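Per our numbering: the sequence shown ends with 275, consecutive numbering throughout.
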Amino acid sequence: MSHSVGVLSEALHSFLDLISAAVSFFTVREAGKPADEDHPFGHGKIETLSSLFESLLLSGAAGVMVYEGIDHLRHPKAIEYEGLAIGVMIVSLVVSFMTYRHNLSAAEKTDSSALHLNALHFLSDVVASFGVLVGFILLEWTEWLFLDPIIAFAVAAYILSVSGKQVKKALLELSDMQLPEEEVYQIRKILESHRDSMIEVHDLRTRRSGSTRHIDFHMVVCGQISVENSHEVCDRLEAEMNQFFPQVSVNIHVEPCEKEQTLCYKTCPHYRKK
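Structural data, given as structure tokens:
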């Protein structure tokens, strides 16, 4: 009704947010299923694939916005029903912000990548609606018709920046890149705090699948301690990592020290007690 490419861009963006929410609804349920025979590591990467799909959808939408903006620059149209368009943008902004806060709260509680992405979608909706709203107000004062497609370009650029980061993040997760540096640092810190129960840790490997972090490493213990004692050490490490990370799968390969190592006799709790 308004002939505004800015409003059209925001409508397309909101429609894709609806699709994104629908996809997230199914993928979060599927990703939450426990590991089974066909998926021994769980279904977490379904969330990552969902995030990649949704990000690519947003990138496509940004392309459509740019196309429409160029068309309106070549064939400018007078904006009509400015009051109605401004009212719709205000309602869109408020609803999107409330939905963003709701999704963000759920994402922080569950550490779900799909919900995090969904929250980002609605945050970008808030920014886009605000930009279109400001543009309309300026347009009423100046009557510069070229402002409308420029607003659409700005919205498209913002959406591309958000979706580009999410595409990169999803691809890194799918390629089993290690956890972020700050999380690896925390893992090493936990391991270091238990040095009195082991000799050393090596071959630390980490990755993420959906909301689950996978951590595995080799732990060298004194060859003289019992299987039960070494298992207790593993249990303590797993318990502490479970306290720090919302969802984590820890795999520890226990190795005995070499008998000729003098380090074992100096550091092993078994020998210190003697």
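Backbone N, C-alpha and C fix where the C-beta goes; we use that ideal spot for every residue, glycine too.
Quick caveat, the model's predicted, so the values are computed rather than measured.
Taking the alpha-carbon of residue i as reference, which of the options has the nearest alpha-carbon?
i, options, result
"S194", "L57, G84, F54 and M242", "M242"
"S162", "L59, T28 and S25", "L59"
"S176", "G136, T49 and V135", "T49"
"H254", "H219, L238, F246 and V128", "H219"
"A22", "L85, R206 and F54", "F54"
"A240", "S210, E259 and L192", "L192"
"E259", "Q248, V221 and V234", "V221"
"Y101", "K110, H117 and L238", "H117"
Straight-line CA distance for residue i to residue j?
i, j, result
"H232", "D18", "48 Å"
"L172", "V96", "31 Å"
"H203", "C223", "15 Å"
"R1", "F245", "The structure shown does not extend to residue 1, since the chain is modelled only from 2 through 275, so no value can be given for it."
"H271", "Q225", "A caution first: H271 carries a pLDDT of 49, below 50, which makes its placement in the model unreliable, though a value can still be read off. Cα-Cα distance, rounded: 7 Å."
"I200", "P257", "9 Å"
"I4", "E81", "Position check: residue 4 holds His in this sequence, whereas Ile was assumed. Their Cα atoms are separated by approximately 7 Å."
"R206", "S15", "40 Å"
On the premise that residue j lies in contact with residue i, defined as a C-beta separation below 8 Å, what is that separation, rounded to the nearest angstrom?
i, j, result
"S114", "S250", "Wrong, their Cβ atoms sit about 16 Å apart, outside the cutoff."
"V127", "L94", "6 Å"
"A157", "S52", "Their Cβ separation, rounded to whole angstroms, is 20 Å, which puts A157 and S52 out of contact at 8 Å."
"Q248", "D112", "6 Å"
Please classify residue i: is it buried, with 16 or more other beta-carbons within 10 angstroms of its beta-carbon, or exposed?
i, result
"S227", "exposed"
"R75", "exposed"
"G61", "exposed"
"K46", "buried"
"Y68", "exposed"
"A12", "exposed"
"M66", "buried"
"D149", "buried"
"K170", "buried"
Stretch-stretch touch, CB-based, cutoff 8 Å, three pairs: the region 96 to 106 with the region 119 to 134: yes
Are there three or more Cβ pairs, one per stretch, closer than 8 Å when the region 149 to 161 is compared with the region 83 to 101? no
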